[in-house]
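The structure appears right after this line, and notes come after that.
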Ligand SMILES: Cc1cc2nc3c(=O)[nH]c(=O)nc-3n(C[C@H](O)[C@H](O)[C@H](O)COP(=O)(O)OP(=O)(O)OC[C@H]3O[C@@H](n4cnc5c(N)ncnc54)[C@H](O)[C@@H]3O)c2cc1C
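Residue numbers (the numbering used here): 2 to 362.
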């Protein structure tokens, strides 16, 4: 099997396939987790607003914790907002059987004296959530792939070969052809281009997302947290806080080169942190990262076999929530490729809702 793209989805799909005894090659010009994954803010939380997303995260936690050694700390996650801001995620967690605690401002002050929650606000705490340092996770994932016998090829796939209605190989930028009996396409924001070369249009948008690091001077022992009114989410990493909001820009192509974010983005985050942290702490801006994310019109991921091409499975559409949902989506992509049966949720992610022949647009 060839897995095109060794990001979150591709790496975990490859692990599932290798554990099942398959001979697997992952191809990625940036190496495992070298794309959007390594630029991620690293917040992994079950506090999402849709039951199926929560279930994806629960399974992804198992997968991440199976690989992570130094890259992940189980800090828990505190969501702060007005009752109406928190309602959907509380319902989603209840439906997914996730244990959570509702905390008053005084409860929060007692547990995390440096964190400010005001009267009239509510907090929801879960203890499963992870703070992940993605570049460290990347080397752990690479080591795990090697351990499982997965071949990792640093190269760019220029096209997927199809013959007689089946995927038969992938062409590389260096002119080589890798023959294979099945392909999982997990190239994130590049899926659209690679499907375009097969004459297919994938209806997704590509955006550039930003995350920021601030130094607080010391480790405050905080959990990951979000400020729901300010659409801002954060994880602690030693003396630093890493995170951001929904700051993003439309892009006509996936952007990897560093872009200094507009000052307003950084200032908004700085104001939020200064507000949420008690007076003695003065966050200092360290740096930002940016990377490409793909987003679907209904915000749901996509997963499925390409109609008319057997042995080609495509997965993606994870927007800014892919580190936390992608590992399980990768595992499901492998399950779909075997055709042996998979959970009903796969139907909801049906690729066909987004894929049309290019000439039918
Ligand atoms: C700034 C930022 C902050 C984020 N914060 C969070 C967060 O806190 N929590 C969270 O859950 N998610 C976060 N995300 C989102 C998360 O990183 C993505 O949703 C996730 O990485 C998507 O996984 P993927 O496998 O689909 O794509 P990617 O991880 O991008 O993997 C795709 C891979 O395909 C490779 N590729 C591309 N073209 C080719 C080709 N032609 N041939 C071979 N390989 C190719 C790329 O190099 C890349 O490694 C953030 C993203 C960004 C950019």
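A virtual CB, placed ideally from N, CA and C, is assigned to each residue, including glycine.
Who are the near neighbours of residue 20 in its chain, counting only those whose CB is closer than 8 Å to its CB and skipping five residues on each side? 149
Quick check on this structure: which residue in 289, 70 and 129 has the alpha carbon closest to the alpha carbon of residue 262? 289
Suppose you measure from the CA of residue 238 to the CA of residue 182; what does that come to, to the nearest Å? 42 Å
Exposed unless 16 or more other CB atoms sit within 10 angstroms - verdict on residue 362: Any answer about residue 362 is weak, because its pLDDT of 47 lies below 50 and its placement is not dependable; what the coordinates show is given next. Label assigned to residue 362: exposed.
Here's the rule: buried if 16 or more other CB atoms are within 10 angstroms of the residue's CB, otherwise exposed. What is residue 281? exposed
Span separating the alpha-carbon of residue 177 from that of residue 157: 10 Å
Within the segment 76–119, ranges of the beta strand (DSSP E) (whole runs, at least 3 residues): 78–82 and 102–104
Does the count of Cβ pairs from the segment 22–42 and the segment 81–93 closer than 8 Å reach three? no
Regarding residue 126 and ligand 1, is the C-beta to nearest heavy atom distance less than 6 Å? no
For ligand 1, any of its heavy atoms closer than 6 Å to the Cβ of residue 294? yes
Less than 6 Å separating the Cβ of residue 241 from some heavy atom of ligand 1? no
Is residue 325 near ligand 1 - that is, is its Cβ less than 6 Å away from at least one heavy atom of it? yes
Mind checking whether residue 319 and residue 345 have CB atoms under 7 Å apart? no
Closer than 6 Å: is that where the CB of residue 140 sits relative to any heavy atom of ligand 1? no
Counting along the chain, where does the beta strand (DSSP E) carrying residue 172 start and finish? 167–173
On the CB-based measure, 16 or more other CB atoms within 10 Å of its CB, does residue 191 come out buried or exposed? buried
Consider the C-beta atom of residue 355 and the heavy atoms of ligand 1; say whether any pair is separated by less than 6 Å. no
Does residue 192 come out as helix, strand or coil in the three-state DSSP assignment? helix
With the cut-off set at 7 Å, would you say residue 187 and residue 316 are in Cβ contact? yes
Spatial distance of residue 197 from residue 307 (CA atoms): 13 Å
Integer Cβ distance of residue 16 from residue 155, believed to fall under 8 Å: Between residue 155 and residue 16 the Cβ distance is about 18 Å, and since that is not below 8 Å, they are no contact.
State yes or no: is the C-beta of residue 191 nearer than 6 Å to some heavy atom of ligand 1? yes
Suppose you measure from the CA of residue 189 to the CA of residue 121; what does that come to, to the nearest Å? 40 Å
Cβ-Cβ distance between residue 87 and residue 133 below 7 Å: no
How far does the alpha helix (DSSP H) with residue 276 in it reach, from first residue to last? 264–277
Beta-carbon separation (whole angstroms), residue 324 vs residue 9, contact threshold 8 Å: 6 Å
Measuring alpha carbon to alpha carbon, tell me which residue in 171, 160 and 193 is nearest residue 358. 193
Between the beta-carbon of residue 185 and the beta-carbon of residue 336, is there less than 7 Å? no
Could you tell me which residues DSSP pairs with residue 247 in its beta bridges? Answer by DSSP bridge pairing: none, since residue 247 is not bridged.
Indicate whether residue 171 and residue 33 have their beta-carbon atoms separated by less than 7 Å. no
Just reading off the beta strand (DSSP E) that residue 132 is part of, what are its end residues? 131–133
Beta carbon of residue 166, beta carbon of residue 211: below 7 Å? no
Decide yes or no for the touch test of the segment 219–227 against the segment 76–85: beta carbon pairs closer than 8 Å, at least 3 of them. yes
Check whether residue 356 and residue 201 have beta carbons under 7 Å apart: yes
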